[in-house]
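Heads up, the thing below is written out as structure tokens.
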Amino acid sequence: MDPLFADGLDGVDVLIILGKVVVTFLIVLLTVILTVWFERKVISDLQSRVGPNRAGPWGLLQTLADGMKLAFKEDMIPDAADRRVFILAPYLSVVPAIAAFAIVPIGGNWADGGDGTVEIFGRETFLQLADPPIGALFFLAMSGIGVYGVMLAGWSSGSKYPLLGSIRASAQIVSYEAALGLALASVVLVSGTLSTNEMVTFQAGDGFGSFIPNWNLVAVGFIPAVLFVVAGTAELNRPPFDLTEAEQELVGGYLTEYTSMRFAMYYLSEYMAMVTMSALIVTFFLGGPAGPAPVGPVWLWSIGWFALKLVALLYFFVWARASLPRLRYDQLMDFGWKVMIPAALGWFLILATIRVSQDRYEGAGWAVAVGVAMAIALVGYGLLRLSLNAAHRARAKGEEWRPAQIHATPSDGAGS
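As numbered in the working numbering, residues 56 to 471 make up the sequence shown, in order.
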């Protein structure tokens, strides 16, 4: 828990909290504005184009120009729409994306066994808005609430295309939410905490072999990190998982009937969610702001390390959008239910077996237990693949796949 709350609250503490709120909101807003410009510039460079270059130096003010344009557009509400829900829906997408960023540590002092505490106006605190003891669960809760903004937008529009897009989005988010949660469960298992600050403290310790960082990326065996990134991309409705806004099929998906600032809120919420997801990936798997500080204030170096890791992940999301083709919807759902969830659950069980075996067995005993667990996991995955392949072959023949049935035959001499 934040040490600021250890001895109650006074006026200085309240001012520090209000300052954190303002700074956090400004960080998210400015990062989103720069991310929109960054994405357009990177994609144009990958495609041998110039990109934004008119509004401001290097086109940096292009996002503000687009925002002003949307603000002056006509705000329309369809006659068949449910007005109250139609107006409420964009806020249900924006607020969770901002709220989830509140648990992200953006800096701190982890040198010499520190816990990330810094001193502001004579008070010890963390460089994050909030550090609830259930921070990881708070992130999953905000991620789940975001689906309401998408679903209600399509339902309240009173049109078929937005409704189809919102149904797609709901199914997609629910499907990949399971894999996301299982991948995060592996991090919680290894670090032994749900607090984001304590996760960073755990990763700030001595690394493996004195040169490999003590990041959860290594501690969990890489697989949960890959699954988390893929599931997070699907949660964000980013390419190649942007089936909810497949304009070739659904005009604009759940956004079809939205105009002016309500459309801008959905547009910004997508980038807010991408920034928040990238920041949480840094926190859960890449050591957060913790890093070496050769000279100068440690907390300043930590903010620089956090920004560097964040930009690297944002570049990955932009590169994926520019490079990977969109999946078909059946491929999207098959990948989520038949690959992502079994892989995340299987790897979590293997990590749990390793932890329990290390506590109960000495010498080579825990290695034998882990080997048996991995063999069972491989056999289970093999049986799953055989079942799926049989279903695919049956569908390819135009038949409905059914489990094998035993047909009784009449005994010899039986009458008709």
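C-beta: ideal position from N, C-alpha, C; glycine also.
Where the alpha helix (DSSP H) through I88 begins and ends: G66 to L101
Local conformation of T180 per DSSP, three classes: strand
Contact under 8 Å by Cβ, A399 with L237: yes
Where L438 falls, given that 16 or more other Cβ within 10 Å makes a residue buried: exposed
Element boundaries [beta strand (DSSP E), containing E174]: V173 to I175
CA-to-CA distance, R223 to G260, given in whole angstroms: 43 Å
Given I80 as reference, the closest of F339, A154, P279 and W360 once Cα atoms are compared: It should be noted that the sequence gives Phe, not Ile, for residue 80. The candidate whose alpha carbon is nearest that of F80 is A154.
Where G209 falls, given that 16 or more other Cβ within 10 Å makes a residue buried: G209 should be labelled buried.
Separation of D65 from S225, as counted between CA atoms: Going by the C-alpha atoms only, they are around 44 Å apart.
Buried versus exposed, by CB contacts within 10 Å (16 or more), R480: Lying before the first or after the last residue shown, residue 480 is absent from the chain, which here runs from 56 to 471.
Local conformation of L59 per DSSP, three classes: helix
Cβ-Cβ distance between M56 and P188 below 8 Å: yes
Three-state secondary structure (DSSP) of I189: Three-state result, I189: coil.
Unbroken stretches of the alpha helix (DSSP H), 4 residues or longer, contained in the region 295 to 381: If we require 4 residues or more, the alpha helix (DSSP H) runs fully inside the region 295 to 381 come out as 302 to 305, 315 to 340 and 353 to 378.
Buried versus exposed call for W456 [16 or more other C-beta atoms within 10 Å across all chains shown]: A caution first: W456 carries a pLDDT of 48, below 50, which makes its placement in the model too unreliable to give a value.
Host alpha helix (DSSP H) of G287 (start-end): I278 to E290
Three-state class that DSSP yields for M197 in the structure shown: helix
8 Å CB neighbourhood of Q227 in its chain, flanking five on each side removed: A289, N292, F296, L298, T299, L387, M388 and G391
Terminal residues of the alpha helix (DSSP H) in which I409 lies: I396 to R415
Selection from I98, S246, A407 and G114 that minimises the alpha carbon distance to W516: Absent from the structure is residue 516, since the part of the chain shown begins at 56 and ends at 471.
Contact belief for P268 with G342 at Cβ below 8 Å, rounded distance in angstroms: 6 Å
Exposure of R317, with buried meaning 16 or more beta-carbon neighbours within 10 Å: R317 is buried by the Cβ-count criterion.
Per-residue burial, Y146 [other beta carbons within 10 Å of its own, 16 or more giving buried]: exposed
Beta-carbon proximity list for V159, same chain, < 7 Å, skipping 5 on both sides: Q183, T251, A334, L335 and T338
Neighbour-count burial assignment, V284, 16 or more Cβ in a 10 Å radius: buried
Start and end residues, alpha helix (DSSP H) containing M388: Annotation for M388: the continuous alpha helix (DSSP H) segment containing it runs Y384 to F390.
Short Cβ contact (8 Å threshold) for V436 with P380: The question names Val, but residue 436 in the sequence shown is Tyr. No, the Cβ-Cβ distance between Y436 and P380 is not below 8 Å.
Span of the alpha helix (DSSP H) around K124: Q117 to A126
Buried versus exposed, by CB contacts within 10 Å (16 or more), G359: Within 10 angstroms of the beta-carbon of G359 lie fewer than 16 other beta-carbons, which makes it exposed.
Of the residues F403, V255, R139 and F127, the one placed nearest F277, counting alpha carbons only: F403
G346, buried or exposed, once every other Cβ within 10 Å from all chains shown has been counted against 16: buried
Among G287, L70, S103 and D121, the one whose alpha carbon lies nearest that of W92: If we check each option's Cα against that of W92, D121 comes out closest.
Secondary structure of T251, DSSP reduced to three states: DSSP places T251 within a helical segment (H, G or I) once states are collapsed to three.
Cβ shell of E129 (< 8 Å), same chain only, five flanking positions each side left out: T314 and S315
Residues of its chain near V69, where Cβ-Cβ distance is below 6 Å and the 5 sequence neighbours each way are ignored: none
Whole-Å CB distance - D312 paired with A136, under 8 Å assumed: This sequence places Glu at residue 312; Asp is not what is there. Their Cβ separation, rounded to whole angstroms, is 7 Å, which keeps E312 and A136 in contact under 8 Å.
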